[in-house]
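Notes follow once the structure below has been shown.
Numbering (my numbering), first residue to last: 1 to 572.
Written out as structure tokens, the structure is:
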């Protein structure tokens with residue numbers, strides 16, 4: 001009996017955080033810094049900052065297949081192959097094998113790109129960090145779509161500022177309502193053709209163009225250097241892991257901040273199978289986990305639980321958390337668990353060649369792009385669809401790699417590749433996807449994974465609104481390149497693009513105004529299980545058209561502040 005009591009004590013904390021990615025890292029930081037003893041439970045293996053980045057410093061010739069996917073990768077990373085880059089040799093070790101981690105596309109297609117290890121996709125994200133604007137939080141109510149957000153921009157603004165200062169966001173203040181300014185480090189520089197493009201598009205079409213606002217340090221402060229972070233080296237090898245801590249990730253920033261409080265315990269290789277619900281108290285009392293290597297089942301206990309395993313992972317945990325009270329999944333009185341899967345639809349835009357500017361070059365390999373904020377259905381512009389899209393892209397010169405597709409050999413040919421090639425330019429759109437309850441996933445009733453958990457079945461497709469929007473996304477991109485005087489403009493709208501390709505999964509446990517229409521309330525609490533919080537993409541009630549990670553960060557810091565306050569008041 002004493003041994004069991006000691007074991008329970010050793011696995012009891014003030015708070016449990018499920019997942020160590022962008023939102024999980026923030027939850028760990030905020031909760032530990034506010035005095036709580038926290039366990040972060042990560043389903044994947046441990047990766048350590050710097051020493052765990054296996055390919056970060058490798059030269060191109062050190063890759064057996066020169067970075068390309070192997071035949072094995074093409075077969076086993078089948079969802080990743082749709083992205084065109086995640087199974088590549090240089091960073092495949094940070095993504096999951098789809099054959100070993102199966103899911104089912106029951107209707108339509110869904111690209112579920114996963115990263116099970118310390119830091120999750122915070123090691124792999126595109127790092128573009130934009131605030132939502134006021135209209136983004138009001139759009140559902142205005143359009144009669146989905147459910148209204150119970151929060152507004154004013155609720156989030158101070159938390160945006162809070163997380164921006166710590167994460168370190170480089171960008172240019174533009175004074176645009178559509179793209180609110182934040183707390184910025186110095187912006188990166190545009191190339192000469194990009195400056196030309198910006199000026200021509202603004203003059204001829206009245207559309208603003210800015211540098212991407214990205215989570216890269218360009219002028220680190222003490223809050224950053226104290227954690228060992230330094231300025232961006234402009235290597236653009238970010239997806240291999242950054243040994244300089246220049247871009248924000250859980251490994252370089254939030255987890256080290258939490259660890260220095262000495263109140264953080266990391267638990268790896270532990271798949272949370274369910275949240276344990278106490279019928280008597282009507283609260284969660286802990287989580288049940290399966291060791292991914294040994295299959296051992298353990299339980300951890302806490303007063304509050306933050307579920308931050310990603311929009312799909314977090315919601316699947318709630319679906320698996322069944323009891324006599326919640327037979328359809330924890331907190332699922334509204335039947336909204338798994339519904340309203342959103343993302344940003346992409347694979348549509350235009351490219352061109354640039355004449356001139358032969359004497360111009362760029363500094364290093366800038367890990368960033370230009371950003372063109374939404375201009376459709378904004379102000380006086382009205383289209384035959386609702387919401388809008390933005391663009392990311394830019395101009396760069398061909399490098400030595402162009403030689404792989406050219407005819408030639410010998411010393412003269414090799415010498416020619418040491419000189420910069422031609423300028424090329426391109427922009428791809430990121431469009432908002434509307435919440436649709438028919439875009440969903442469910443637990444398979446017949447197929448289980450190797451840990452005995454139900455495999456997930458997806459039913460997702462674009463609606464008519466997204467398909468109409470894509471036509472504008474293609475035509476408008478070509479229009480801007482032509483306005484800049486660029487040549488050989490090629491517009492594209494690639495068929496076969498699925499939800500999930502943007503790797504911005506959102507929805508599935510949306511925030512709302514009532515237990516009847518949503519899973520979590522304005523504080524990210526599960527409505528009727530108030531010591532469970534969800535602050536990752538699962539809680540999103542709409543998707544905007546800007547990258548969502550900054551909003552996850554701000555939402556997590558805000559919810560953690562509320563949770564600790566409520567805990568001190570003994571309301572949880």
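Don't be surprised by glycine CBs; every beta carbon is placed ideally from N, CA and C.
Predicted, not measured: the structure shown is a model, and the values here were computed from it.
Can the beta-carbon of residue i be found less than 9 angstroms from the beta-carbon of residue j?
| i | j | result |
| --- | --- | --- |
| residue 21 | residue 250 | yes |
| residue 503 | residue 111 | yes |
| residue 477 | residue 349 | yes |
| residue 509 | residue 534 | yes |
| residue 306 | residue 44 | no |
| residue 608 | residue 248 | A query on residue 608 cannot be resolved here, the shown segment of the chain reaching from 1 to 572 and no further. |
| residue 353 | residue 488 | yes |
| residue 239 | residue 542 | no |
| residue 179 | residue 325 | no |
| residue 460 | residue 109 | yes |
| residue 430 | residue 370 | no |
| residue 268 | residue 42 | yes |
| residue 310 | residue 94 | no |
| residue 589 | residue 32 | With the chain covering 1 to 572 only, the question about residue 589 has no answer from this structure. |
| residue 211 | residue 172 | yes |
Is DSSP giving residue i helix, strand or coil here?
| i | result |
| --- | --- |
| residue 287 | strand |
| residue 312 | helix |
| residue 2 | Unreliable placement is indicated for residue 2, whose pLDDT of 47 sits below 50; no coordinate value is reported for it. |
| residue 130 | coil |
| residue 143 | helix |
| residue 470 | helix |
| residue 450 | coil |
| residue 163 | helix |
| residue 216 | strand |
| residue 15 | strand |
| residue 205 | helix |
| residue 280 | coil |
| residue 49 | coil |
| residue 462 | coil |
| residue 342 | strand |
| residue 149 | coil |
| residue 575 | Since the first and last residues shown for the chain are 1 and 572, residue 575 lies out of range. |
Give the straight-line distance between the Cα atoms of residue i and residue j, rounded to the nearest whole angstrom.
| i | j | result |
| --- | --- | --- |
| residue 96 | residue 206 | 43 angstroms |
| residue 437 | residue 334 | 12 angstroms |
| residue 135 | residue 548 | 15 angstroms |
| residue 316 | residue 295 | 19 angstroms |
| residue 152 | residue 128 | 22 angstroms |
| residue 228 | residue 30 | 19 angstroms |
| residue 321 | residue 332 | 10 angstroms |
| residue 75 | residue 100 | 11 angstroms |
| residue 107 | residue 222 | 51 angstroms |
| residue 564 | residue 16 | 13 angstroms |
| residue 27 | residue 414 | 52 angstroms |
| residue 252 | residue 538 | 24 angstroms |
| residue 195 | residue 362 | 12 angstroms |
| residue 263 | residue 123 | 23 angstroms |
| residue 404 | residue 456 | 41 angstroms |
| residue 569 | residue 495 | 54 angstroms |
| residue 219 | residue 512 | 39 angstroms |
| residue 68 | residue 92 | 10 angstroms |
| residue 432 | residue 142 | 16 angstroms |
| residue 89 | residue 59 | 12 angstroms |
| residue 144 | residue 51 | 50 angstroms |
| residue 583 | residue 259 | Any property of residue 583 remains undetermined from this structure, which presents the chain solely from 1 to 572. |
On the CB-based measure, 16 or more other CB atoms within 10 Å of its CB, does residue i come out buried or exposed?
| i | result |
| --- | --- |
| residue 118 | buried |
| residue 499 | buried |
| residue 506 | buried |
| residue 34 | buried |
| residue 523 | buried |
| residue 18 | buried |
| residue 8 | exposed |
| residue 308 | buried |
| residue 355 | exposed |
| residue 472 | buried |
| residue 154 | exposed |
| residue 148 | buried |
| residue 114 | buried |
| residue 224 | buried |
| residue 1 | Confidence in residue 1 is poor, its pLDDT being 41 and thus under 50, which makes the residue's placement too unreliable to answer from. |
| residue 72 | exposed |
| Unbroken stretches of the alpha helix (DSSP H), 4 residues or longer, contained in the segment 492–522 | Annotation: the segment 492–522 contains no complete segment of the alpha helix (DSSP H) (minimum length 4 residues).
| query | Considering only residues of the segment 246–277, which uninterrupted alpha helix (DSSP H) runs meet the minimum length of 4 residues and lie entirely inside it, listed in chain order? | reply | The segment 246–277 contains these whole alpha helix (DSSP H) runs: 255–259.
| said: Could you tell me which whole beta strand (DSSP E) segments of length 3 or greater appear in the segment 358–419? | reply: Complete beta strand (DSSP E) runs here, min 3: 370–372, 389–397.
| field | Complete runs of the alpha helix (DSSP H) confined to the segment 67–140 [at least 4 residues] | value | Whole alpha helix (DSSP H) segments, 4+ residues: 71–76, 78–81.
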